[in-house]
Amino acid sequence: MALDDIARESWATRVGFILAAVGSAVGLGNIWRFPFQVGQEGGAAFLLIYLFFILLVGLPAMLVEFSIGRRAHLNPVGALREYGGDAWKYVGALFMCIAFLIMSYYSVVAGWVVRYFFGSFTGAYLEDPEGYFLEIAVGIDALLFHAIFMVAVIVIVALGVQRGIELAVKGMVPALIVLLVGLAVYAATLPGAGAAYAYYLSPDVGVLAEDWRSIVPAAAGQAFFTLSLGMGIMITYASYIAEDQNLAEDGVMIIGFDTGLAILAGFVAFPILFAAGIGPADPGAGAIFIALAGGFGEIAFGQLLGLAFFFAFSLGALTSAISLTEVVVSYAIDEHGLERTRATLAIGGGMFLLGAPVTIDLVMVDLYDILAAEILLVTGSVLMMILVSWIDPGKALDELSKGIGDLGTLGDAWIWLVRVPVLLVLLVSLGLAVVGYVEFLTGPFAEFLGG
Ligand code: PHE
């Protein structure tokens, strides 16, 4: 056993690992980004493709990261170097840049959530849901709450108290489930509910045929974003698990929680938006905030429920943000010998600065978000999948079989699934994403720059 193996701690329990992974996965991706993407990409057609990506791509990709991580018991950079050879450490370095970029704007959006939590004390958002969102989402308010959120993350990561995550997730996930189910039941009674369900649940082939060029990359990006894949988080978490643990079972469980919560969020958002006469695509990044504020304004004890909801939602964003920051910090500590407090301050400070421009205008959210989710995360996963499926499947198969037993043909099926169909779909999606991003840069973004 290598020296750093002895020094490395493991998850005290299997539940601890699953909770941490769920804590990373469940966050803004489920409750903010998911309804926002569904709305923007035409409803059920997007949902269908998204679910397809979760199962066909998300699960195999998660198993790829789990096997790389558990095999090496190292951070993503070290683990990839171990798996593929020296050159792969640059891919690990790319992952650190992706985490850095994601965290920079994640903190801005999480700042909105925290702002709504405080707003729940006074009921500030109940009067004019749309106006309130537009007011707090940009400008000095947004910058202030971006700073508040980032400071909270820095303190937690610097103190190294991630163990509290298990506790936070144990409270946050059940609370979110209960509140979302309750809100979905209320939303079902609204006059627009029928039309909303049709929009959300029955895919329109016409929409799919017409818009697949934007639906496919959006769905792929959302799948990776929500499952925390494509930048080494799951490599890191798996590096702490025991050899006898069944990685496939754990993956299915984590994905189940994550997907369930996202779908629930849609059952809340769309009926409320339809009832209020707001087109589901109109509010863009504000969809869930405007829907929730509208809903809480109409129901008994709405303000109190809002308080509970935004508290649980803030916790969800916090546990994901900690995972994003922690990968970069632990890399700086492991590979460059930095001291924890200093590393966290420098990295967290840098993330804050990079995120600050996002508070200028909502178009900046897209500028960061499309690049991160649809292009960078997908690229990250494609690279890992090439390594594991084409270059050296043996190690991953060997690792996955620990804790499961003989994989038989299922193992080969996994590798072949990744090798051809999954990679093909992802490469097409990546190409479309790049085209879409260029269109965004030369269209809405250029317009914004031009004033
Ligand atoms: N999965 C997290 C969420 O849904 C965000 C995240 C993305 C975390 C990528 C880590 C890596 O909020």
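Under our numbering, residue 463 is the last one in the sequence shown; the count climbs by one each step, no gaps.
Heads up, the beta-carbon is just placed ideally off N, CA and C, and yes, glycines get one too.
Everything numeric in this text was worked out from a predicted model, so none of it was measured.
Legend entry - Backbone CA spacing between Ala-254 and Arg-82 [nearest angstrom]: Cα-Cα distance, rounded: 8 Å.
Legend entry - Segment limits, alpha helix (DSSP H) that includes Asp-381: 375 to 381
Legend entry - Pocket of the ligand PHE (residues with CB nearer than 6 Å to any heavy atom), chain order: Result (chain order): Ser-36, Ala-37, Gly-39, Leu-40, Gly-41, Asn-42, Ile-114, Phe-237, Thr-238, Ser-240, Met-243, Ile-245, Ser-332, Ser-335 and Leu-336.
Legend entry - Same chain, Cβ closer than 7 Å to Met-13, neighbours up to 5 away in sequence not counted: Residue confidence is low: Met-13 scores 33 on pLDDT, short of 50, so the model does not pin down where it sits. Its coordinate-derived value is still stated next. Within the same chain, Met-13 has no close Cβ partners at all.
Inset, instruction - Return yes when the Cβ of Phe-107 is within less than 8 Å of the Cβ of Gly-244, no when it is not. - result: yes
Inset, instruction - Specify whether the segment 68 to 86 and the segment 354 to 363 touch according to this definition: at least 3 beta carbon pairs, one from each stretch, less than 8 Å apart. - result: no
Legend entry - Inter-residue CB distance, Ile-114 and Ala-199 (contact presumed, cutoff 8 Å): No, Ile-114 and Ala-199 are not in contact; Cβ-Cβ is about 30 Å, not under 8 Å.
Inset, instruction - Please report how far the alpha carbon of Ser-119 lies from the alpha carbon of Gly-268, in whole angstroms. - result: 25 Å
Legend entry - Nearest neighbour of Ile-403, chosen from Ile-80, Gly-96, Asp-381 and Phe-236 [CA to CA]: Gly-96
Legend entry - CB contact check: Ile-359 to chain C, cutoff 8 Å: Here chain C cannot be found, since the structure has a single protein chain.
Legend entry - Phe-48 versus Ala-293 - alpha carbon distance: 7 Å
Legend entry - N- and C-terminal bounds of the alpha helix (DSSP H) containing Tyr-252: Careful: Tyr-252 lies outside any alpha helix (DSSP H) and carries neither H nor E.
Inset, instruction - Label Tyr-211 either buried or exposed according to how many other C-beta atoms from any shown protein chain fall within 10 Å of its C-beta, with 16 as the threshold for buried. - result: buried
Legend entry - CB of Ala-250 within 8 Å of CB of Val-280, strictly: no
Legend entry - Rounded separation between Gly-104 and Gly-367 - CA only: 22 Å
Inset, instruction - Using beta-carbon positions only, say whether Gly-314 and Phe-308 come within less than 8 Å of one another. - result: yes
Inset, instruction - Below 7 Å CB to CB, which residues in the same chain sit around Lys-407 once its five sequence neighbours on both sides are set aside? - result: Arg-83 and Tyr-95
Legend entry - Contact under 8 Å by Cβ, Ile-427 with Leu-409: yes
Legend entry - Cβ distance (whole Å) where Ala-297 is taken to contact Ala-122 below 8 Å: Ala-297 to Ala-122, Cβ: 13 Å. No contact.
Legend entry - CA-to-CA distance, Ala-445 to Ala-180, given in whole angstroms: 35 Å
Inset, instruction - Leaving aside the five residues before and after Ile-345 along the sequence, list all residues of the same chain whose C-beta is less than 7 Å from its C-beta, in chain order. - result: Arg-352 and Ala-355
Inset, instruction - Would you kindly work out how many angstroms separate the C-alpha atoms of Ala-260 and Thr-271, rounded to a whole number? - result: For Ala-260 and Thr-271, the distance between alpha carbons rounds to 16 Å.
Inset, instruction - Assess, as a yes-or-no matter, whether the segment 121 to 141 is touched by the segment 156 to 165 under the definition of 3 or more beta carbon pairs within less than 8 Å. - result: yes
Inset, instruction - With a cut-off of 8 Å on the beta carbons, I'd call Leu-240 and Ser-36 a contact; round off their distance for me. - result: Correcting the residue identity first, residue 240 is Ser in this sequence and not Leu. Confirmed, Cβ separation roughly 5 Å.
Legend entry - Distance between Gly-415 and Pro-456 (C-alpha atoms, nearest Å): 50 Å
Inset, instruction - If I'm right that Ala-111 touches Val-339 with Cβ under 8 Å, what's the distance once you round it to whole angstroms? - result: 5 Å
Legend entry - Backbone secondary structure at Lys-101 - three-state DSSP: helix
Inset, instruction - Pull up the distance between the alpha-carbon of Asp-98 and that of Leu-389, whole angstroms please. - result: Taking the straight line from one Cα to the other gives about 22 Å.
Legend entry - Check: Phe-313 C-beta below 7 Å from any heavy atom of the ligand GDP: What this structure holds is the ligand PHE, not the ligand GDP.
Inset, instruction - Within the same chain, show all residues whose beta-carbon is closer than 8 Å to that of Val-375, passing over the 5 residues directly before and after it, in chain order. - result: Here Val-375 has Pro-456, Phe-457 and Phe-460 as same chain residues with Cβ atoms under 8 Å from its own Cβ, once five neighbours each way along the sequence are excluded.
Inset, instruction - Between the Cα of Ile-61 and those of Gly-291, Gly-233, Ile-300 and Ala-320, spot the shortest distance and give me the residue it belongs to. - result: Gly-233
Inset, instruction - Report the rounded CA-to-CA distance for Cys-109 versus Phe-130, giving the unit in angstroms. - result: 32 Å
Inset, instruction - Look up Phe-325 in the DSSP assignment and say whether it is helix, strand or coil. - result: Of the three classes helix, strand and coil, the one that applies to Phe-325 here is helix, per DSSP.
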